[in-house]
Amino acid sequence: MADMMKILQQAQQMQGQLKKIQDDLEARTVSAAAGGGMVSVEADGKGQIRKIKIDPTVVNASDVEMLEDLVLVAVTEAQKKAHEVQQAEMGKLAGGMSLPFKLPF
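What the sequence shown shows, in my numbering, is residues 5 to 109, in sequence order.
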């Protein structure tokens, strides 16, 4: 029974740490650019886009498709960076647990 209490205490600590990590991720900023910096994107650590900047020289009414591609590349890269930050932070959380069994993932 003492082992079960210890596991429950660890779970409560982990829950508190998870909340802190989530708050930290929201406050964190990742950025990415495409087209040599003509399009830049900022996102929080959870991957939510906060800002998109487009250099006016890349705006060309006859080539909207290029601008769309640049925006897509920059957004995708920012979200990828945010995902990597999330994985690193969650890895720290899971690495600190001492469970008497192996997790299936």
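Where is the CB? At the ideal position from N, CA and C, for every residue including glycine. A quick note: this is a predicted structure, and the numbers were derived from the prediction, not measured.
Thinking C-beta only, is residue j closer than 8 Å to residue i?
| i | j | result |
| --- | --- | --- |
| Val-62 | Val-43 | yes |
| Val-75 | Ile-56 | yes |
| Ala-31 | Ala-82 | no |
| Asp-34 | Val-79 | A small fix is needed here, since residue 34 is Val in this sequence, not Asp. No, these two residues do not count as a Cβ contact at 8 Å. |
| Leu-12 | Leu-97 | no |
Determine the DSSP secondary structure at residue i, reduced to helix, strand or coil.
| i | result |
| --- | --- |
| Asp-59 | coil |
| Gln-21 | helix |
Please list, in chain order, all residues of the same chain as residue i whose beta carbon is under 8 Å from its beta carbon, the five residues on each side excluded.
| i | result |
| --- | --- |
| Glu-93 | Ile-25, Asp-28, Leu-29 and Gly-49 |
| Gly-95 | none |
Starting from the C-beta of residue i, find all residues in its chain whose C-beta is less than 6 Å away, skip the five residues before and the five after it, and write them out in chain order.
| i | result |
| --- | --- |
| Ala-4 | Only positions 5 to 109 of the chain appear in the structure, and residue 4 is not among them; the question remains open. |
What residues match up with residue i in a beta bridge as DSSP calls it?
| i | result |
| --- | --- |
| Asp-48 | Thr-33 |
| Ile-53 | Ala-47 |
Below 7 Å CB to CB, which residues in the same chain sit around residue i once its five sequence neighbours on both sides are set aside?
| i | result |
| --- | --- |
| Gly-39 | Val-62 and Leu-74 |
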